[in-house]
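Written below as structure tokens is the structure these notes are about.
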Amino acid sequence: MREKEFSKGTHRLKVTKEMDIGTLLNRAHKVSTFDGKNLVVLDNGNLYDQMGRREVPVTNMFRYIKCVRNSDGIIIAKKNKPCGKLMQVIFERKAKQKVK
């Protein structure tokens, strides 16, 4: 599955609110961690590591999550530092600057 990318020249990320585990399980499809793992969100509340072929509870991996993507591949939550909060984000279109 390809991940959708937005141009930084036309769009910007806007932080809306903090994401908890319940919201992550309802909205997320794919999770990326700080150490480079890509995990898939399962219906039973676990994350599935496709490379290692094992299930990991979301409560054990929640602090290591870097970004969360939905089924279209769009980033819906992001964390800048490992010790920070997981924040929901939306992509907004930048307003065009008027030239005088």
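111 is the number that our numbering gives the last residue of the sequence shown; the numbers go up by one with no jumps. Yeah, the Cβ is synthetic: ideal placement off N, Cα and C, and Gly gets one too. The structure presented is a predicted model; accordingly, all values stated were derived computationally and were not measured.
Residue i versus the options, residue with shortest Cα-Cα distance
| i | options | result |
| --- | --- | --- |
| Leu35 | Asn55, Thr21, Leu24 and Gly63 | Asn55 |
| Ile86 | Ser43, Asn57 and Gly20 | Ser43 |
| Met62 | Phe73, Leu50 and Phe17 | Leu50 |
Residue i: first and last residue of the uninterrupted beta strand (DSSP E) it sits in
| i | result |
| --- | --- |
| Asn49 | Asn49 to Val52 |
| Asp60 | Asn57 to Asp60 |
| Gln99 | Met98 to Arg104 |
Per-residue DSSP class, three states only, for residue i
| i | result |
| --- | --- |
| Arg74 | helix |
| Val69 | helix |
| Ile87 | strand |
| Val26 | strand |
Bounding residues of the alpha helix (DSSP H) (the contiguous stretch that carries residue i)
| i | result |
| --- | --- |
| Thr34 | Ile32 to Arg38 |
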